[in-house]
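All remarks here apply to the structure that follows.
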Amino acid sequence: MFVCRFPFVAISIGFTINKRVEVGVVYSCLEDKMFTARRGRGAFCNGEPLQVSDQTDLHRSIIATEFGSNRDPEVVDKIFSSLRNILSL
2 MFVCRFPFVA
12 ISIGFTINKR
22 VEVGVVYSCL
32 EDKMFTARRG
42 RGAFCNGEPL
52 QVSDQTDLHR
62 SIIATEFGSN
72 RDPEVVDKIF
82 SSLRNILSL
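Counted from 1, the sequence shown has number 42 at position 41 by this note's numbering; the numbering is strictly sequential.
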């Protein structure tokens, strides 16, 4: 999609300790935006603090996901199970 200039492409890197995400970095190539977050220290876009929405109604929220390239039935079942749990809230 990058070649087609589809604006929703990014590079993401996460760092975990004992299976717990501690640091995340997402770079939106076409927008030239760097999103960073560190557990307990907040999230930022190009160094500016981000603030979470006060939206609590899931029906008025946007949920986005990406399935990756692994089409192993066990992996796909796990992803869909997680999505069903989220959508049942």
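Ideal Cβ positions, reconstructed from N, Cα and C, are used throughout, including at glycine. Since the model is a prediction, treat every value here as computed from it, not as a measurement.
key: Backbone secondary structure at PRO50 - three-state DSSP   = Taking the first residue of the sequence shown as 1, we reach residue 50 at position 49. Correct three-state label for PRO50: strand.
message = Just verifying my parser: in three-state terms, what is the DSSP assignment at VAL76?
response = Here residue 76 is taken as the residue at index 75 of the sequence shown, counted from 1. VAL76: helix per DSSP, three-state reduction.
request  = Per DSSP, which residues does LYS34 bridge with? Please list them.
outcome  = Working through the sequence shown from its first residue, we reach residue 34 at position 33. Its beta-bridge partners are SER29.
message = Checking the sheet assignment: what are the DSSP bridge partners for ARG21?
response = Here residue 21 refers to the residue found at position 20 when the sequence shown is read from its first residue. Partner(s): ILE18.
query = THR57 and LEU84: beta carbons closer than 8 Å?
reply = Reading the sequence shown from its first residue, position 56 is the one you call residue 57. Reading the sequence shown from its first residue, position 83 is the one you call residue 84. No.
request  = Measure the alpha-carbon distance for ASP33 versus VAL26 and round it to whole angstroms.
outcome  = Taking the first residue of the sequence shown as position 1, residue 33 is located at position 32. Taking the first residue of the sequence shown as position 1, residue 26 is located at position 25. The alpha-carbon atoms of ASP33 and VAL26 are separated by roughly 13 Å.
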